[in-house]
Each structure stands twice: as C-alpha cells, then as structure tokens.
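Residue numbers (UniProt numbering): 1 to 326.
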C-alpha cells in the first residue's frame with residue numbers, strides 16, 4: 001500500500017491548477033477546473049476568468065449555462081457594475097442578435113441611471129446593429145445578381161472585414177445563406193483561406209450538395225460529402241510530423257509557430273493539398289530558408305511549383321491579416 005495520500009482538492013487548489021493550465025494554453029481544461037473552483041467557493045475573480053475564457057472561444061452553451069445557473073435573475077446582475085459589464089460582453093454570444101440587442105439597450109439604460117460606464121455597451125450595440133443589417137442583406141440575396149452585389153459591397157471593406165462577416169453567416173440558417181455561399185466560393189476576389197473556411201463549414205454541417213469552386217484561376221466542382229477536413233488529410237498530418245521532428249532536433253520552441261504557419265498555408269491550398277505539397281519536408285525546407293533558419297536551399301530538390309504556391313499563400317495571409325486603415 002502506498003504511503004502517499006491524495007489531499008482533497010479545494011477551491012484554491014483548483015484555481016491554481018487552472019492558472020497553470022492557462023499558462024500552458026490548455027484553456028478548455030482550465031475552464032473545467034475554474035468551474036469546480038467556483039462551485040466550491042463563489043468568487044468574482046474566478047467567475048470573471050471563466051466568462052472571459054468562454055467568450056474567447058465563443059462557447060455559447062457553456063456561457064449560457066454559467067449565467068443561468070448562478071444568476072438566473074437579471075436583477076441580481078444589474079446591481080453590480082463589474083457583473084453587468086461581463087453580462088454585456090456575454091449577451092451577443094448567448095442570444096441571437098435581435099434578442100441580444102434589446103437586452104443591451106436595457107442594460108445601457110440601467111448603467112446610465114447608475115452612473116456606470118456605457119462605452120462598451122454602445123460599442124456592442126453598434127456592432128449588433130451592423131450585424132442585423134448584414135443578416136437582413138444576406139436574406140435578401142436570393143439570386144445571382146443580389147448576392148454578387150452584396151459580395152461587392154463586402155469586398156469594398158476589405159478581406160479582414162469579409163472574414164468577420166463570414167463568421168456571422170455560420171450562425172444563420174443555411175437556407176438563408178446558401179446563395180451567398182455559392183457566390184463566395186465561385187469568386188476570384190475572395191481569398192482562398194476564406195473559401196476553404198466556407199468549405200469546412202459545409203463539411204461540418206453535413207451539407208449534401210455540389211458546389212462550383214474557383215481555385216487559383218481554375219474552375220472545379222465538388223460534392224461536399226466527398227471532401228474531408230484538412231486535419232484528416234495525410235499530407236497535413238505528415239507535415240506536422242516533419243515539423244515536430246525538425247523542432248525536436250533543432251529548436252523545440254519553434255514547433256507551435258511553424259505548425260501554425262503550415263496550417264494556414266494548408267487552408268489556402270485546400271482541397272488540393274497533395275497536388276501542391278509534393279512532400280512535407282519540401283514545404284519545411286522552403287519555410288526554413290525563407291525565414292533565415294537555414295542558410296541554403298537545396299536547389300536540386302527545390303519544388304518550384306510548391307515554392308510559387310508558398311509565395312502566393314504568404315501574399316494572401318498578408319492581405320487577410322492586415323486590418324483596414326481608418
């Protein structure tokens with residue numbers, strides 16, 4: 001029999017363990033421990049961290065359950081400024097846009113009467129009003145002409161803005177967004193990263209239909225049930241393995257950064273990973289040389305096609321990740 005006895009967990013120890021997991025970027029495991037800590041000993045600091053974790057990942061069900069379990073009466077929220085602030089941040093995630101908007105207006109009035117800050121509420125209200133206008137425009141885009149007009153309006157605001165609107169589409173009924181989705185997938189002006197994200201949405205929704213797809217100037221047609229997510233593709237898995245092997249030998253601290261870059265490139269190449277990435281090691285070779293981590297490229301084994309797509313992917317990512325200037 002072991003002489004080591006396990007000490008009973010308490011609220012503080014759960015909280016400390018959660019902090020360690022957050023430092024390790026194990027956020028969802030940390031959230032579970034924070035919930036256990038809060039159940040044992042309600043504490044605003046713990047509740048605050050828990051809400052913000054769920055907000056970061058937009059985990060609607062967990063966030064809604066949290067508020068309904070511990071604050072079933074809104075009156076108990078509205079008597080505290082910090083709690084009201086958190087609730088205001090949560091409303092657009094918990095509820096559909098119109099319901100959230102009405103609740104935010106009510107909360108703004110209470111905050112104003114109480115002498116609390118309202119800037120964050122005004123910002124959320126403006127964002128939701130913008131979202132409502134967008135959703136209404138999507139519902140009206142019922143044919144080729146109106147959907148192309150809407151896409152032109154979105155593209156005028158840049159790809160960064162377009163991506164933010166794409167995320168709104170995913171919360172709408174598919175029947176309302178189908179025409180716009182088809183227009184997006186066929187467009188030369190929409191970044192491949194965004195179109196790949198749309199394909200994965202269709203896969204996750206198990207949409208059994210065929211879509212026309214424009215990929216680097218060429219036209220294709222896909223039946224969604226024939227596609228699989230990039231994470232299940234052997235080319236992607238071999239790429240991650242090659243990165244892990246390199247980093248284990250040369251610099252373990254780089255594994256996350258290189259893997260993230262590889263994943264974003266894969267999203268752009270998708271669904272033609274095997275056609276673009278002839279071997280995982282060749283993509284890694286290009287990355288290492290381009291980022292000054294290796295001095296020379298092996299010109300004898302340089303894959304010129306992959307190199308061209310590598311450059312195109314970097315150009316796309318620059319456009320995608322550059323917010324519009326105001």
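Each residue gets a CB set at the ideal place from its N, CA and C atoms; glycine is no exception.
Every value quoted in this text rests on a predicted model; they were computed, and no experiment measured them.
Whose C-beta lies closer than 8 Å to the C-beta of residue 312 among residues of the same chain, with five residues either side of it excluded? 216 and 268
Notebook entry, point to check: What's the gap between the Cα of residue 197 and the Cα of residue 221?
Noted result: Whole-angstrom Cα-Cα distance: 17 Å.
(message) Measuring CB atoms only, is the region 114-121 touching the region 133-150, in the sense that at least three cross pairs come out at less than 8 Å?
(response) no
Who are residue 212's beta bridge partners in DSSP? 221
Is any heavy atom in the ligand MN found nearer than 7 Å to the beta carbon of residue 253? Judged by which ligands are present, the structure shown has none, so any question about the ligand MN falls away.
- By how many angstroms is the C-alpha of residue 83 removed from the C-alpha of residue 328? Residue numbering for the chain in the displayed model covers 1 to 326; residue 328 lies beyond these limits and cannot be assessed.
| said: Does residue 175 pass the burial test, meaning 16 or more other C-beta atoms within 10 Å, or should it be called exposed? | reply: exposed
Practice item. Quick one: grab the DSSP three-state call for residue 269. Key: helix
Notebook entry, point to check: For residue 244, which of helix, strand or coil comes out of DSSP?
Noted result: The three-state secondary structure of residue 244, taken from DSSP, is helix.
Can you tell me the Cα-Cα spacing of residue 270 and residue 230, whole angstroms? 7 Å
So, is residue 252 buried or exposed, given that buried needs 16 or more other C-beta atoms within 10 angstroms? exposed
Item checked: Coil, strand or helix - residue 31 by DSSP -> helix
- Is residue 57 helix, strand or coil when you go by DSSP? coil
| Among 285, 129, 20 and 180, the one whose alpha carbon lies nearest that of residue 243 | 285
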